[in-house]
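Heads up: the sequence shown runs through residues 6 to 141, numbered per this note's numbering.
Note that CB positions come from ideal geometry on N, CA and C, so glycine has one too.
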Amino acid sequence: MARSPAEVFPWLVDADKVRQWMGGLRAYEPLTPPPLSVGSRIRQELEVSGQSLGWELEITRLDPPGAATLAFAGSGFKAQNEYTVAANGSGSSSDVTWVITGDTTSFKAKLIAPMVQSKLQEKLGADLARLRALLG
6 MARSPAEVFP WLVDADKVRQ WMGGLRAYEP LTPPPLSVGS RIRQELEVSG QSLGWELEIT
66 RLDPPGAATL AFAGSGFKAQ NEYTVAANGS GSSSDVTWVI TGDTTSFKAK LIAPMVQSKL
126 QEKLGADLAR LRALLG
C-alpha cells in the first residue's frame with residue numbers, strides 16, 4: 006500500500022475504518038470505551054458463504070503501527086485475527102498481512118468449516134484488495 010505503517014494501521018482496528026473495507030460485515034461495534042487497548046472488546050457479525058457468524062473480539066495484542074491480534078470465540082469457532090504492517094522500502098509504503106488461525110468448537114461448525122474456510126480465504130483476499138484500493 007502506498008502509505009506508511011502509521012497511516013495504514015488504524016484501518017485494521019478502528020471501527021469506522023474497518024466498516025469501509027471489510028465485506029459481509031453486518032456489525033462492528035466497540036463494547037468498551039475508547040481508546041482501543043489490550044482487553045478492549047468489539048462485537049462483530051459477518052456473513053460468509055450464506056452463514057451468519059457473530060462473536061465478540063478481544064484485543065490481545067496492540068502494537069501500533071506494526072501488529073494487532075484480536076481473539077474471538079462464537080458460532081462454533083475459536084480463533085484469532087493477526088494483523089501485521091511492515092514498512093516496504095523507504096517506509097512510505099506498507100505490506101499488510103492478515104492471518105486467521107483457529108479451530109471449531111461445535112459439531113455444526115465442524116460440518117460447515119470446510120465450506121466456510123474456502124469462502125473465508127476468498128473473503129480475506131477481496132477485503133485486502135478493497136483496503137489497498139481505499140489507501141492507494
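| Check | Outcome |
| --- | --- |
| Residue 14 - DSSP class collapsed to helix/strand/coil | coil |
| Cβ neighbour criterion (16 or more within 10 Å) applied to residue 37 | exposed |
| The region 28-35 in contact with the region 48-57 per 3-pair CB rule at 8 Å | yes |
| Residue from 133, 82, 34 and 19 whose Cα sits closest to the Cα of residue 112 | 82 |
| Alpha helix (DSSP H) runs contained entirely in the region 14-54, provided each spans 4 or more residues | 15-18 and 20-26 |
| Residue from 139, 17, 125 and 14 whose Cα sits closest to the Cα of residue 107 | 125 |
| Contacts around residue 131, its chain only, beta-carbon distance under 8 Å, and the 5 residues preceding and following it disregarded | 28 |
| Cβ-based neighbour list, residue 23, same chain, cut-off 8 Å, excluding 5 preceding and 5 following | 16, 17, 30 and 33 |
| Whether residue 99 touches residue 6 by CB criterion (8 Å) | yes |
| Buried versus exposed, by CB contacts within 10 Å (16 or more), residue 10 | buried |
| Straight-line Cα distance separating residue 110 from residue 21 | 30 Å |
| C-beta contact flag for residue 63 and residue 76 at 8 Å | yes |
| Residues near residue 102 by beta carbon distance below 6 Å, same chain, minus five either side | 89 |
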